[in-house]
Amino acid sequence: MRTFGELLDDARGGSEVGMSHFYAGLPDHAGDQMVLLWAIGVLIIQQPVLRVPAAAAVAHTVLGLPIDERRTRLLGVMSNDPDQYVRRWLATAFYKIDPIQKIDNRNPEVLALFGEACKQQGPLGRYARKLRKQLA
Numbered sequence: 439m440r441t442f443g444e445l446l447d448d449a450r451g452g453s454e455v456g457m458s459h460f461y462a463g464l465p466d467h468a469g470d471q472m473v474l475l476w477a478i479g480v481l482i483i484q485q486p487v488l489r490v491p492a493a494a495a496v497a498h499t500v501l502g503l504p505i506d507e508r509r510t511r512l513l514g515v516m517s518n519d520p521d522q523y524v525r526r527w528l529a530t531a532f533y534k535i536d537p538i539q540k541i542d543n544r545n546p547e548v549l550a551l552f553g554e555a556c557k558q559q560g561p562l563g564r565y566a567r568k569l570r571k572q573l574a
């Protein structure tokens, strides 16, 4: 198993191969609290380079999202980030987690962005469609 730092190095390069390696290794870190906290921090401070990998890490977490001001700020990022992939990965995170926590699962914006994610090609679309089947 590759470390999360090694996966980030792949993602920083921005190449299709590097991102493919990042997405392939991400499930191995889904239960890592430090990865989740890193990802939330990157998204809240709007770190320009790693927003998409951070949003993907939030979507893959099995830990749940914090129920505090960070959750509200993540909803704001989901609504306002200029990158469509950041918005759609975060909508996938809220869609995945909210059937359990029942906080934002009726949010029309979450549902609309999750629907867009399901139509995507590549890792986001595959993950969203798989999630939709699992939660159906």
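Count the sequence shown with the working numbering and you get residues 439 to 574, in order. Just so you know, even glycine gets a beta-carbon here, dropped at the ideal spot from N, CA and C. Quantities reported herein were computed from a predicted structural model and do not represent experimental measurements.
1. Count the other CB atoms within 10 Å of the CB of V388; is the residue buried (16 or more) or exposed (fewer)?
2. Given that a residue counts as buried once 16 or more other Cβ atoms are within 10 Å of its Cβ, and exposed if not, what is L573?
3. Could you tell me the alpha carbon to alpha carbon distance between A566 and Y523, rounded to whole angstroms?
4. Please confirm whether P491 and A449 have their CB atoms less than 8 Å apart.
5. Given the structure, does I478 come close to the ligand ZN, in the sense that its CB is under 7 Å from one of the ligand's heavy atoms?
6. Could you tell me the distance, in whole angstroms, from the CA atom of E444 to the CA atom of V480?
7. For the region 502 to 513 against the region 461 to 471, do three or more pairs of beta-carbon atoms, one drawn from each stretch, fall closer than 8 Å, so that the two count as touching?
8. Can you grab the Cα-Cα spacing for the pair A564 / A494, in whole Å?
9. Secondary structure at N545, three-state DSSP: helix, strand or coil?
10. Report, in whole angstroms, the separation of the C-beta atoms of L562 and R526, which I expect to be a contact under 8 Å.
With the structure as the only source:
1. Only positions 439 to 574 of the chain appear in the structure, and residue 388 is not among them; the question remains open.
2. exposed
3. 12 Å
4. yes
5. With respect to small molecules bound, the structure shown includes none, and the ligand ZN cannot be examined in it.
6. 17 Å
7. no
8. First, the residue type needs correcting, since residue 564 is Arg and not Ala in the sequence shown. The alpha-carbon atoms of R564 and A494 are separated by roughly 12 Å.
9. coil
10. 6 Å
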